[in-house]
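The next block holds one structure in the form of structure tokens; read it before the comments.
Written out as structure tokens, the structure reads:
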């Protein structure tokens with residue numbers, strides 16, 4: 003292994019020189035011996051040489067946004083050759099399908115372990131409970147978030163109770179104007195959660211904001227959660243500041259409430275900044291240089307000022323995968339990052355109304 007490529011094996015909270023890290027990543031992903039078949043082939047159509055021309059994080063903007071190609075590319079072609087003939091693949095998760103045909107990525111063991119360890123330290127920093135059972139009311143199947151919840155529950159000393167949901171079916175029902183059927187499906191999910199909340203010792207509830215809002219309409223469940231549950235972790239969809247304040251101060255005042263901003267296209271999720279008050283916006287600091295955000299004006303492509311809103315560009319750079327210059331379907335406020343972080347922090351994330359000529363329907367995820 004080239005010595006600099008050892009930088010790619012460091013944990014997410016390591017302090018890494020971003021230029022050295024970027025050099026190591028370009029060497030890994032575009033060296034014929036270690037790169038993935040996808041990127042080695044794709045590089046031939048690029049008007050630049052990533053190993054020579056990508057020297058600073060800003061140079062990632064040279065790459066085209068290739069995530070739409072992940073709807074059709076052969077999954078095996080996404081695995082870097084440097085992992086050998088028998089790579090330890092954890093899974094092939096897919097996006098939620100909010101903006102069309104689902105996209106898919108491949109997650110390898112080293113990245114899954116690295117992201118899990120980092121998230122574990124973040125949960126501890128938030129004083130999230132250990133040695134309690136989790137109830138996860140989340141998508142599983144091809145989606146990543148349900149498996150993440152199961153792993154957190156077991157690695158932190160508890161049992162994982164899982165209720166599956168199909169977010170794509172809910173989006174289809176809403177798009178077809180079948181709102182009554184969508185509501186009936188959501189009530190079916192809440193009913194299953196109710197059975198477990200009443201019968202089992204649940205210490206953490208992990209779900210999405212739309213489902214948490216539906217749960218909050220049941221007074222008996224609200225009372226039960228305040229009595230039994232120590233932490234609520236929400237992810238998958240967006241929660242506005244007013245709703246977050248209401249949940250934290252009035253609906254679930256006895257429970258630690260924490261949000262996470264994640265995407266299949268960054269191969270993980272990022273919990274909100276530690277120490278935010280009930281009135282603060284939801285701020286997310288990325289584990290750079292592995293994951294970075296830039297908030298831009300979509301009309302000009304230029305970075306907006308701190309405190310201004312724009313569209314989020316995401317970069318994922320790891321040994322596992324390279325996903326640069328991805329214009330996401332999210333709007334956010336650009337926030338000054340903590341010292342040592344590359345890129346922007348983001349706050350008050352919310353979906354755009356339309357993305358890629360498709361109406362954005364969040365539904366329950």
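Numbering (this note's numbering), first residue to last: 3 to 367.
Backbone N, C-alpha and C define an ideal beta-carbon position, used for all residues, glycine too.
Per-residue DSSP class, three states only, for residue i
i, result
"residue 247", "helix"
"residue 344", "coil"
"residue 214", "helix"
"residue 240", "coil"
"residue 312", "strand"
"residue 35", "coil"
"residue 352", "strand"
"residue 68", "coil"
"residue 173", "helix"
"residue 324", "strand"
"residue 59", "helix"
"residue 188", "helix"
"residue 367", "The pLDDT assigned to residue 367 is 41, lower than 50, so where the model puts this residue is not dependable; a value taken from the coordinates is nonetheless given after this. Three-state DSSP puts residue 367 in coil, outside helix and strand."
"residue 42", "helix"
"residue 197", "helix"
"residue 90", "coil"
"residue 178", "coil"
"residue 161", "coil"
"residue 17", "coil"
"residue 332", "strand"
"residue 338", "coil"
"residue 303", "coil"
"residue 79", "helix"
"residue 84", "helix"
"residue 53", "helix"
"residue 73", "helix"
"residue 3", "Reliability fails at residue 3, whose pLDDT of 46 lies under 50, so the model's placement of it is uncertain and no value is given."
Start-to-end residues for the alpha helix (DSSP H) that takes in residue i
i, result
"residue 229", "221-230"
"residue 32", "20-32"
"residue 10", "Premise fails: residue 10 is in no alpha helix (DSSP H) and is neither H nor E."
"residue 126", "111-127"
Buried/exposed call for residue i, threshold 16 Cβ in 10 Å
i, result
"residue 202", "exposed"
"residue 263", "buried"
"residue 230", "buried"
"residue 324", "buried"
"residue 266", "buried"
"residue 308", "exposed"
"residue 294", "buried"
"residue 80", "buried"
"residue 367", "Here the model assigns residue 367 a pLDDT of 41, short of 50, so the residue's position is not dependable, and the following value carries that caveat. Counting Cβ neighbours within 10 Å, residue 367 comes out buried, since at least 16 surround it."
"residue 17", "exposed"
"residue 154", "buried"
"residue 57", "exposed"
"residue 190", "exposed"
"residue 251", "exposed"
"residue 149", "buried"
"residue 303", "exposed"
"residue 288", "buried"
"residue 27", "buried"
"residue 368", "Residue 368 lies beyond the residue range present for the chain, which begins at 3 and ends at 367; the question has no answer from this structure."
"residue 312", "buried"
"residue 254", "buried"
"residue 111", "exposed"
"residue 19", "exposed"
"residue 185", "exposed"
Residue range of the unbroken beta strand (DSSP E) whose run includes residue i
i, result
"residue 49", "Per DSSP, residue 49 belongs to no beta strand (DSSP E) and is neither H nor E."
"residue 148", "Here residue 148 belongs to no beta strand (DSSP E); instead the alpha helix (DSSP H) covers 147-157."
"residue 135", "135-141"
"residue 204", "204-209"
Residue nearest to residue i in terms of C-alpha spacing, selected from the options
i, options, result
"residue 162", "152, 342, 168, 337", "152"
"residue 117", "313, 252, 281, 10", "10"
"residue 133", "156, 124, 112, 139", "156"
"residue 328", "245, 297, 178", "297"
"residue 141", "172, 65, 123", "172"
"residue 242", "120, 159, 149, 281", "281"
"residue 212", "311, 8, 82, 240", "240"
"residue 299", "106, 332, 42", "332"
"residue 206", "160, 54, 92, 354", "160"
"residue 55", "24, 185, 82", "24"
"residue 68", "174, 204, 87, 45", "45"
"residue 147", "168, 174, 60", "168"
"residue 269", "145, 12, 210, 204", "145"
"residue 83", "322, 122, 335", "322"
"residue 244", "271, 278, 283", "283"
Legend entry - beta strand (DSSP E) segments (min. 3 residues) lying fully within the stretch 242-297: 258-265, 270-273
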